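Note that numbering that gives the first Met the number 0 has the sequence shown beginning at 0, numbered continuously upward. Every residue, glycine too, gets a C-beta built ideally from N, C-alpha and C. Predicted model only: the values in this text are computed from it and were never measured. Presented below is the structure to which this report refers.
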Amino acid sequence: MELINLAGLLLLALLLRKLAWCLRWLWCYYRGRETPAPISFLPRRTGERFDQHVRQAREEKEE
């Protein structure tokens with residue numbers, strides 16, 4: 000039972016982190032300031048893998 004509670008708290012922390020980023024992005028957007036860089040749901044993950052898939056798909060489409 001403790002493991003489920005711990006997993007729930009971890010998930011809640013990740014969702015709150017993303018929510019804070021979204022609110023900051025909206026604040027900057029509506030104030031005309033530079034918006035913060037996108038963050039992934041999981042910390043220490045970048046969109047690099049997704050960008051590689053998109054690049055590869057574009058290259059295959061061009062051929």
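In terms of alpha-carbon separation, which member of Leu25, Glu33, Arg48, Arg32 lies closest to Ser39? Arg48
Tell me the start and end of each unbroken beta strand (DSSP E) in the region 15–52 that is at least 3 residues and wholly inside, in chain order. Entirely contained in the region 15–52, not one beta strand (DSSP E) run reaches 3 residues.
Measure the alpha-carbon distance for Cys30 versus Asp50 and round it to whole angstroms. In the sequence on display, residue 30 carries Arg and not Cys. Roughly 29 Å between the two C-alpha positions.
From the DSSP output, in three-state form, read off Glu58 for me. helix
Separation of Leu11 from Leu25, as counted between CA atoms: 21 Å
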